[in-house]
Amino acid sequence: MDATAYTESKDPQEELIQMWKIKRMINNLEEMSGSGTSMISLYIPPKRDGLNQANKQLVDQEGSAANIKSSINKA
15 MDATAYTESK DPQEELIQMW KIKRMINNLE EMSGSGTSMI SLYIPPKRDG LNQANKQLVD
75 QEGSAANIKS SINKA
């Protein structure tokens, strides 16, 4: 989905289309599944440094995952 789907619009019909796209994406995410902890959902807050914080958290988690001995959870 492109970034324009999340911008504010003054056109009521455009807002309805954007809401439909977001609901469709949420439904698609709800239908997905993984085995155990192999799949995550990452919500990035719309703050100025939200992407940087999310990236730092993922790097930290990757470092923690490297210490897991089970090859099933590391993959």
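According to my numbering, the sequence shown is numbered sequentially starting from 15.
For every residue, glycine included, the Cβ atom is placed at its ideal position computed from N, Cα and C.
What first and last residue would you give for the alpha helix (DSSP H) that runs through residue i?
i: D74; result: G64 to A80
i: M39; result: P26 to E45
Which residue wins for smallest C-alpha separation from residue i, given the options the options?
i: M39; options: S55, I82 and Q67; result: S55
For residue i, count neighbouring C-beta atoms within 10 Å of its own C-beta (all shown protein chains included) and say buried if the count is 16 or more, exposed if not.
i: A17; result: Per-residue confidence for A17 stands at a pLDDT of 46, beneath the threshold of 50, marking its modelled position as unreliable; the derived number appears in the next sentence. Exposed, since its Cβ has fewer than 16 Cβ neighbours within 10 Å.
i: M15; result: Any reading at M15 must be qualified, since the residue scores a pLDDT of 45, below 50, and its modelled position is unreliable; the value itself is stated next. Under this definition M15 is an exposed residue.
Going by DSSP in three states, residue i sits in which element: helix, strand or coil?
i: K61; result: coil
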